[in-house]
Amino acid sequence: MSDTDGPQEATKLKAEADSGFQISEAYNSLDEDQRKAVFKEMTSSSNTNSSLTDLIITGIDTDGDRQPDELKDILDPATGKDLYNRPGEGDHSDEAWKTRWKPIISRDSEFRAHFKEYISGGGAYEAPIGGLDPSAIRRDALKGMIEKHGLDRLKETFEGLEEIGGSKGFYSHSLHAGFGAGREDIERNMSYIDRLMEPGKIEAAKKLGRILEDEGFSKNPSLEELANPEFVKMLTEDEQERSAYKEINNAPMGPMIGFFDQNRDNLDGLKPSEQLAMYKEYEQKWMQEREEEARPYKEEVEQHGKPPVEVLTEAMQHNDVLMIGEKHLEKSPHREGMTPLIEELKKSGATHFVVEMEPAQLEAYLNDNNMEHLPAGLRHQDYVDLLKKVQDEGLNIVAANSSGTEQERDNHMASTVSDILELDPKNKVVFWVGQMHGADTSSGANLSTANLLRDKGVTVATVMEQSPSASGFDSLTRYAKVDKPTAIKTKDSPKISELEFTVIGNDIEEKYGLWDIVILYPKE
19 MSDTDGPQEA
29 TKLKAEADSG
39 FQISEAYNSL
49 DEDQRKAVFK
59 EMTSSSNTNS
69 SLTDLIITGI
79 DTDGDRQPDE
89 LKDILDPATG
99 KDLYNRPGEG
109 DHSDEAWKTR
119 WKPIISRDSE
129 FRAHFKEYIS
139 GGGAYEAPIG
149 GLDPSAIRRD
159 ALKGMIEKHG
169 LDRLKETFEG
179 LEEIGGSKGF
189 YSHSLHAGFG
199 AGREDIERNM
209 SYIDRLMEPG
219 KIEAAKKLGR
229 ILEDEGFSKN
239 PSLEELANPE
249 FVKMLTEDEQ
259 ERSAYKEINN
269 APMGPMIGFF
279 DQNRDNLDGL
289 KPSEQLAMYK
299 EYEQKWMQER
309 EEEARPYKEE
319 VEQHGKPPVE
329 VLTEAMQHND
339 VLMIGEKHLE
349 KSPHREGMTP
359 LIEELKKSGA
369 THFVVEMEPA
379 QLEAYLNDNN
389 MEHLPAGLRH
399 QDYVDLLKKV
409 QDEGLNIVAA
419 NSSGTEQERD
429 NHMASTVSDI
439 LELDPKNKVV
449 FWVGQMHGAD
459 TSSGANLSTA
469 NLLRDKGVTV
479 ATVMEQSPSA
489 SGFDSLTRYA
499 KVDKPTAIKT
509 KDSPKISELE
519 FTVIGNDIEE
529 KYGLWDIVIL
539 YPKE
């Protein structure tokens, strides 16, 4: 990918973030050249000591949907360095505020502090536009507004927007330059603020905001909508149009994104009721297409899906090792679902329960049962309950993790498990571990624990989890819904086996066929 593709890819990442797509996972799913181009676009710099992989990209939630709507930090986990923040006016540093912002609203010290918090928008760095910092564009626009409407009106307008949005951050992010945004985009958004300062405009917008809030509508109109007096009047006075507006804004994200992409140039001037009629027609076709797309996967789940206890006990009986992979999430239906099965796995031959912990961590935990000794990704009650069940069943708990690189850790874990098997031919191991350690990674640069064990002649069955409440990247849960935990053997399900999904920072083509068994969980 050339450098000129960077803005397009960066714009795509931002769009995906706004629709609930995790920015880090989107970025790390690109190849190295693409990452370099996007990184340069994000930071206006190509200088970095990292390989630009596995960056942690975070955002702030501006609308309460628990998703990052606005970029905040790009952290290099290897160094802890914030690669996104830069000194100067772009990050609203104290020096920049004193020299560039403060003089504009110097007459009201109380509001000055309030306004600084509002306009900073989380302090995210914004790339220069044509050599000019976006903050300078906003400053010029606001200076003109104050000269035109007065500082008191600016104060009333921003306080009104905070009231409508429910926070300083909701509308402030609209004033910042998104990826690929130009000067005209910022100036257009600033012009909406200018219009709202006209007599009666912010007051009418606040009235609409109160009506929508009283009716339980959790989303907020855009700045463009609030600055349109005819639109505000229509929604305020016409209950039918207001109802249509709420319905279309509460539509599912999937079909809604496609609808607006397809009809973006055809919606101007249409009433919400007219837009809704168009959307419903589009949604019906979209649902039919999605249903047809999902059909082969649903059929395989219906045909081959079985209770997990049945599939896992069979795998335990016929293999030396059963690797049960998890995602190290705070709340895991996988841990809850597997805990009752420990007794059956023991009956099927399991003698040892190997965990992804270093020996000192496990020893400290077993000494006082304090979960603070557990690794951060496992420090949850459902994991404690799992370990207690293992202890109650009398399985030997063995720590297999180590420090070092990912490959060094896989090497150590494979050696630990194979040592257990060599002690006694009757030994069988349940290995509870992060699921990528069980994936077939033989097509990549590193070998997983499962690959290494198989190279030693050990028979291994691997398991991975899929849960709609655990991750937006569980592709199978978008196609096949279940009402109870369901296990599918990938060798029996060729469509599922070839279905792709995304895992952060791996150099292999990720498909469900990398594991032997997929356990599908219902949505909570």
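Numbering (the working numbering), first residue to last: 19 to 542.
Glycine included, every Cβ here is placed at the ideal spot set by N, Cα and C.
According to DSSP, is N553 part of a helix, a strand, or is it coil?
The requested residue 553 is not part of the displayed model; the chain covers only 19 to 542.
Within 8 Å, do at least three Cβ pairs link the segment 184-200 to the segment 247-262?
With the cut-off at 8 Å, the segment 247-262 and the segment 184-200 do not touch.
How many Å lie between A468 and H455 at the Cα?
7 Å
What span of residues does the beta strand (DSSP E) with E483 cover, start to end?
That run of the beta strand (DSSP E) goes 478-484.
Report yes or no: do three or more beta-carbon pairs, one from the segment 429-447 and one from the segment 396-408, lie closer than 8 Å?
no
Residues sharing a beta bridge with I506, DSSP
By DSSP's assignment, I506 forms a beta bridge with V536.
Specify, as a first and last residue, the run of the beta strand (DSSP E) that L517 falls within.
Note, L517: premise wrong, no beta strand (DSSP E); not H, not E.
Going by CA-CA distance only, name the one from M274, Q293, S466 that's closest to G452.
Closest option to G452, Cα to Cα, is S466.
Using a threshold of 9 Å, state whether the C-beta atoms of L494 and V536 are closer than that.
yes
On the DSSP letters alone, give me the boundaries of the alpha helix (DSSP H) that E320 sits inside.
Counted as a single uninterrupted DSSP element, the alpha helix (DSSP H) harbouring E320 occupies residues 290-322.
Got a sec? Which residues, its chain only, sit under 7 Å from K529 by beta carbon, not counting five neighbours each side?
S515, E516, L517, E518
Per DSSP, H370 forms a beta bridge with which residues?
N414, V447
Would you mind reading off the limits of the alpha helix (DSSP H) that contains L244?
Note, L244: alpha helix (DSSP H), 241-244.
I need the DSSP call for I204, collapsed to helix, strand or coil.
helix
Neighbourhood of E328 by C-beta, 8 Å cutoff - its chain only, sequence neighbours within 5 removed:
A505
Is V408 helix, strand or coil when you go by DSSP?
helix
Considering V327, what are the terminal residues of the alpha helix (DSSP H) in which it resides?
Where V327 is concerned, the enclosing alpha helix (DSSP H) stretches over 326-336.
For a quick check, are the C-beta atoms of S240 and H352 less than 9 Å apart?
no
At 4 residues or longer, and completely inside the segment 215-290: list those alpha helix (DSSP H) runs for me, N to C.
219-232, 241-244, 247-255, 257-267, 271-281
How many angstroms separate the CA atom of P325 from the CA atom of L359?
11 Å
Please state whether the Cβ-Cβ distance between G557 and N267 is less than 9 Å.
The requested residue 557 does not occur in the structure, where the chain is confined to residues 19 to 542.
Which listed residue (H322, S192, D492) has its alpha carbon closest to that of S153:
S192
Quick one: measure Cβ to Cβ for F371 and L330, integer angstroms, because I've assumed they're closer than 8 Å.
Cβ atoms of F371 and L330 stay farther apart than 8 Å, at about 14 Å.
Please state whether DSSP places E344 in a helix, a strand or coil.
DSSP, read as helix, strand or coil, puts E344 in strand.
I'd like the list of long-range same chain contacts for K502, defined as Cβ closer than 7 Å, with 5 residues on each side in sequence excluded.
Only P540 meet the Cβ criterion.
Tell me the start and end of each unbroken alpha helix (DSSP H) in the segment 148-182 that is at least 4 residues and wholly inside, in chain order.
As summarised for the segment 148-182, the continuous alpha helix (DSSP H) elements at least 4 residues long and confined to that stretch are 152-167, given in chain order.
Mapping the DSSP letters down to three states, classify G531 as helix, strand or coil.
helix
Minimum C-alpha distance to R308 - residue among Q280, P273, I182:
P273
Label T459 either buried or exposed according to how many other C-beta atoms from any shown protein chain fall within 10 Å of its C-beta, with 16 as the threshold for buried.
buried
Rounded C-alpha distance that separates E374 from K513:
The alpha-carbon of E374 is positioned some 31 Å away from that of K513.
For the putative contact between E376 and N419, defined by C-beta atoms under 8 Å, what is the C-beta separation to the nearest angstrom?
5 Å
Using a Cβ-Cβ cutoff of less than 7 Å, which residues in the same chain neighbour H391 once the five nearest sequence positions on both sides are dropped?
Q379, A382, Y383
For M305, is the classification buried or exposed, using 16 other Cβ atoms within 10 angstroms of its Cβ as the cut-off for buried?
exposed
Along the chain, where does the alpha helix (DSSP H) containing N469 start, and where does it finish?
467-473
Roughly how many angstroms lie between the CA atoms of L214 and K298, to the nearest whole one?
32 Å
So, D279 versus T477, is the Cβ gap smaller than 9 Å?
no
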